[in-house]
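Student: Okay, handing you the structure first.
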Amino acid sequence: MMSTTPTTATTQEAGAGVRHFLIDTDLSPEEQAEVLQLAQQIKAEPYRHRPLSGPQTGIVMFDKTSTRTRISFAAGIAELGGHPLVINPGESQLGHKETIADSARVFERMVSVVIWRTYAQAGLEELAEYSHIPVVNALTDDYHPCQILADLQTVIEHKGRARGLTMAYLGDAANNMANSYLLGAATAGMHVRVAGPKGYVPRTEIVQAAQQRANVTGGSVTVTHDPAEALHGADVVVTDTWISMGHEEEKAQRLSVFSDYTVDQAAMAQAAHDAIFLHCLPAYRGVEVAAEVIDGPQSVVFDEAENRLHAQKALVAWLLYASGRAEIPADVSLPKAHRSAQRLGTSV
Numbered sequence: 017m018m019s020t021t022p023t024t025a026t027t028q029e030a031g032a033g034v035r036h037f038l039i040d041t042d043l044s045p046e047e048q049a050e051v052l053q054l055a056q057q058i059k060a061e062p063y064r065h066r067p068l069s070g071p072q073t074g075i076v077m078f079d080k081t082s083t084r085t086r087i088s089f090a091a092g093i094a095e096l097g098g099h100p101l102v103i104n105p106g107e108s109q110l111g112h113k114e115t116i117a118d119s120a121r122v123f124e125r126m127v128s129v130v131i132w133r134t135y136a137q138a139g140l141e142e143l144a145e146y147s148h149i150p151v152v153n154a155l156t157d158d159y160h161p162c163q164i165l166a167d168l169q170t171v172i173e174h175k176g177r178a179r180g181l182t183m184a185y186l187g188d189a190a191n192n193m194a195n196s197y198l199l200g201a202a203t204a205g206m207h208v209r210v211a212g213p214k215g216y217v218p219r220t221e222i223v224q225a226a227q228q229r230a231n232v233t234g235g236s237v238t239v240t241h242d243p244a245e246a247l248h249g250a251d252v253v254v255t256d257t258w259i260s261m262g263h264e265e266e267k268a269q270r271l272s273v274f275s276d277y278t279v280d281q282a283a284m285a286q287a288a289h290d291a292i293f294l295h296c297l298p299a300y301r302g303v304e305v306a307a308e309v310i311d312g313p314q315s316v317v318f319d320e321a322e323n324r325l326h327a328q329k330a331l332v333a334w335l336l337y338a339s340g341r342a343e344i345p346a347d348v349s350l351p352k353a354h355r356s357a358q359r360l361g362t363s364v
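For the sequence shown, the working numbering assigns the number 17 to the initial residue and increments by one for each residue that follows.
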């Protein structure tokens, strides 16, 4: 099932009295900046924010296997004062013996937040539609917005800012990472260039939504088949696996089609001299990225991996604050979250 068309409006905000994060554009540019600022605060003071104290429970559900997502969300919920309940593939009736709507109604009576890594974006959106607690997209076939928050935090740490910088993405430009880079980096005011072979480019509606965001933030969006066009002078170079989950049977074809899109030293030489390299991991050295790049001085992939923890803690805390489900600490300034809670009429 195809996902709904991305928009620049906040999903599910008005009716349910709760804020969700299902797609990168569920945060306005100002809200995204506030979450990223909070992520930096949390990284410096890991236990200052405890919106799940009690402890309250957060569900972390997986229909797809995971390493970094599982660890970062489970640890993050615990560090926010809560108890993580991890549900592995095959351990839930959600969408099988029980409808998604019924599951949502049950969850909200028992837990404070639901984090779901699944296949269909439409299923995630249905869960949020019937849920009065925050729902977070931990990855779908269409988007991976939490990863982009961590990546933006990493860019800001290493480059001092994200706005105005150029990000080049090479490889499978039709996958969930490319989609979220377009939407999330455009929201941050970056100049986003994605390069992929014919037949592996983003859907038109995603490019249009990203361009709408870029028009607001001063960024720009470029989709090309030419790696050199994307790489020229880029401040940030990004790639992802060429063989995502569910595409294993296409391995031989994909290795051939993407062969000109490997990020090697020659590719990095076309970027800015101080460019950094990002990869969400797991990485296949010698395939989408050369070992000398991912293990070299321009690589910040392990800072990026660590920032999954901090960015996701910030996101969950912000959603709880913005939904009026937790009180913002008196000495913390989060005007966008406070205004959201007031607007929803749920401020504690």
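Beta carbons are placed, not taken as given, at the ideal position from N, Cα and C, and that holds for glycine.
1. Go through the region 205–268 residue by residue and report every complete run of the beta strand (DSSP E) that reaches 3 residues or more, in order.
2. Looking at the secondary structure, which residues open and close the beta strand (DSSP E) in which Arg86 lies?
3. To the nearest angstrom, report how far apart Val317 and Arg324 are at their CA atoms.
4. From what residue to what residue does the alpha helix (DSSP H) around Met284 run?
5. Would you call the region 61–77 in contact with the region 87–104, where contact means no fewer than 3 C-beta pairs closer than 8 angstroms?
6. Suppose you measure from the CA of Tyr337 to the CA of Ser272; what does that come to, to the nearest Å?
7. Closer than 6 angstroms by C-beta to Ile131: which residues in its own chain qualify, once you throw out the five before and the five after it? Chain order, please.
8. Using a Cβ distance threshold of 8 angstroms, determine whether the region 165–177 contacts the region 118–135, with at least three qualifying pairs required.
9. Specify whether the region 44–54 and the region 113–121 touch according to this definition: at least 3 beta carbon pairs, one from each stretch, less than 8 angstroms apart.
10. Between Ala91, Ala246, Arg64, His295, which lies nearest to Asp276 when the distance is taken from Cα to Cα?
11. Counting C-beta neighbours from all protein chains within 10 Å, is the total for Thr27 16 or more, i.e. buried, or is it exposed?
12. Could you give the C-beta distance for Val254 and Leu297, rounded to a whole number, given that I count them as a contact under 8 angstroms?
13. For the beta strand (DSSP E) containing Asn153, name the first residue and the last one.
14. Which residue comes first and which comes last in the alpha helix (DSSP H) that contains Val309?
15. Is there a Cβ of chain D sitting closer than 7 angstroms to that of Arg125, yes or no?
16. In chain order, what residues of the same chain have a beta carbon less than 7 angstroms from the beta carbon of Ala94, not counting five sequence neighbours either side?
17. Restricting to Cα atoms, I'd like to know which of Gly215, Ser82, Ala225 is closest to Thr41.
18. Can you tell me which of the three DSSP states Glu107 falls into?
19. Around the Cβ of Gly340, are there at least 16 other Cβ atoms within 10 angstroms (buried) or fewer (exposed)?
20. Mark Gln328 as exposed unless 16 or more other C-beta atoms lie within 10 angstroms of its C-beta, in which case mark it buried.
Tutor: This is what the structure gives:
1. 207–211, 236–240, 252–255
2. In the sequence shown, the residue the question calls residue 86 occupies position 70. Careful: Arg86 lies outside any beta strand (DSSP E), inside the alpha helix (DSSP H) at 84–95.
3. One-based indexing of the sequence shown puts residue 317 at position 301. One-based indexing of the sequence shown puts residue 324 at position 308. Cα to Cα, Val317 sits roughly 11 angstroms from Arg324.
4. The residue you call residue 284 lines up with position 268 of the sequence shown. Annotation for Met284: the continuous alpha helix (DSSP H) segment containing it runs 281–286.
5. yes
6. Within the sequence shown, residue 337 is the residue found at index 321, counting from 1. Within the sequence shown, residue 272 is the residue found at index 256, counting from 1. Roughly 48 angstroms between the two C-alpha positions.
7. One-based indexing of the sequence shown puts residue 131 at position 115. Here the set comprises Val76, Phe89, Val152, Ala154.
8. no
9. no
10. Position 260 of the sequence shown, counting from 1, holds the residue named residue 276. Looking at the Cα atoms, Ala246 is the closest of the given residues.
11. Here the question's residue 27 lines up with position 11 in the sequence shown. Unreliable positioning characterises Thr27 in this predicted model, as indicated by a pLDDT of 43, which lies under 50. The coordinate reading is nonetheless provided below. Per the 10 Å Cβ criterion, buried.
12. Looking up residue 254 in the sequence shown gives position 238. Looking up residue 297 in the sequence shown gives position 281. Rounded, the Cβ-Cβ distance is 12 angstroms, inconsistent with contact.
13. Locating residue 153 in the sequence shown gives position 137, where the first residue counts as 1. Residues 151–153.
14. Within the sequence shown, the letter at position 293 stands for residue 309. Looking at the DSSP string, the run of the alpha helix (DSSP H) that includes Val309 is 307–310.
15. Note that chain D does not occur in the displayed structure, where there is just one protein chain.
16. Here the question's residue 94 lines up with position 78 in the sequence shown. Exclusion of the five residues before and after Ala94 leaves Pro100 as the residues of its chain whose Cβ lies within less than 7 angstroms of its Cβ.
17. Reading the sequence shown from its first residue, position 25 is the one you call residue 41. Checking every option, the nearest Cα to that of Thr41 belongs to Ala225.
18. Working through the sequence shown from its first residue, we reach residue 107 at position 91. Three-state result, Glu107: coil.
19. Sequence index remark: in the sequence shown, residue 340 carries index 324 (1-based). Result: buried.
20. Reading the sequence shown from its first residue, position 312 is the one you call residue 328. Result: buried.
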